[in-house]
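S.K.: Using the working numbering, the first residue of the sequence shown is number 1285, and each one after it goes up by one.
Where a beta carbon is used, it is the ideal one built from N, C-alpha and C, also for glycine.
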Amino acid sequence: MIGYQINFGQLDLGFFLFNHIECGTTLGIPAGNFKDLYNGPVFSEQLLGTKACQEYCLHLDQLDPCPAKCECAYVREILQTVRQWPKK
1285 MIGYQINFGQ LDLGFFLFNH IECGTTLGIP AGNFKDLYNG PVFSEQLLGT
1335 KACQEYCLHL DQLDPCPAKC ECAYVREILQ TVRQWPKK
């Protein structure tokens, strides 16, 4: 996994970006395809532009979890699950 391209209007339509190890091709897979990997809370308020927001979503290659109770936080938790999958 190399990145996350957010769609602030509809989070499920953002893309998780992966590089294929052997051929180097970058694949974009809609974040909504991974939604079933998350069981936690989904917050309703978007905090972009507030003091609580660290603006991780604005940086394609920033994959760390976000501590804010923002509507985007659940996607960042899914990123952690995917990043921890074993690679072969």
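1. Can you tell me the Cβ-Cβ gap for Cys-1354 and Leu-1331, rounded? I've got them flagged as a contact below 8 Å.
2. Identify whether Thr-1310 lies in helix, strand or coil by the three-state DSSP scheme.
3. Looking only at its own chain, which residues have a Cβ that is under 6 Å from the Cβ of Ile-1362, when we skip the five neighbours before and after it?
4. By a C-beta neighbour count over all protein chains shown, 10 Å radius and 16 as the cutoff for buried, is Ile-1290 buried or exposed?
5. Taking the continuous alpha helix (DSSP H) assigned at Gln-1364, which residues delimit it?
6. Can you round the beta-carbon distance between Asp-1345 and Ala-1315 to whole angstroms, since I take them to be within the 8 Å contact cut?
7. Grouping DSSP H, G and I as helix and E and B as strand, with all else coil, what is Phe-1292?
8. Name, in chain order, the residues that DSSP records as bridge partners for Phe-1302.
9. Determine which residues share a DSSP beta bridge with Gly-1287 and list them.
M.R.: Here's the rundown:
1. The residue given as residue 1354 occupies position 70 in the sequence shown. The residue given as residue 1331 occupies position 47 in the sequence shown. For Cys-1354 against Leu-1331, the beta-carbon gap comes to about 4 Å, under 8 Å, which counts as contact.
2. Taking the sequence shown and counting its residues from 1, the one referred to as residue 1310 is at position 26. In the three-state scheme derived from DSSP, where H, G and I count as helix and E and B as strand, Thr-1310 is classed as strand.
3. Numbered from 1 along the sequence shown, position 78 holds the residue referred to as residue 1362. Phe-1318, Leu-1321 and Tyr-1322.
4. Stepping through the sequence shown from its first residue, residue 1290 is reached at position 6. Residue environment: Ile-1290 is assigned as buried (16 or more neighbouring CB atoms within 10 Å of its CB, all protein chains considered).
5. Walking along the sequence shown from the start, residue 1364 turns up at place 80. 1357-1367 is the extent of the alpha helix (DSSP H) around Gln-1364.
6. As a working note, residue 1345 is residue 61 in the sequence shown. As a working note, residue 1315 is residue 31 in the sequence shown. That pair is no contact at about 16 Å.
7. In the sequence shown, residue 1292 corresponds to position 8, counting from 1. Reduced to three states, the DSSP call for Phe-1292 is coil.
8. Position 18 of the sequence shown, counting from 1, holds the residue named residue 1302. Partner(s): Leu-1311.
9. For the purposes of this step, residue 1287 is identified with residue 3 of the sequence shown, where counting begins at 1. In DSSP, Gly-1287 forms a bridge with Leu-1301.
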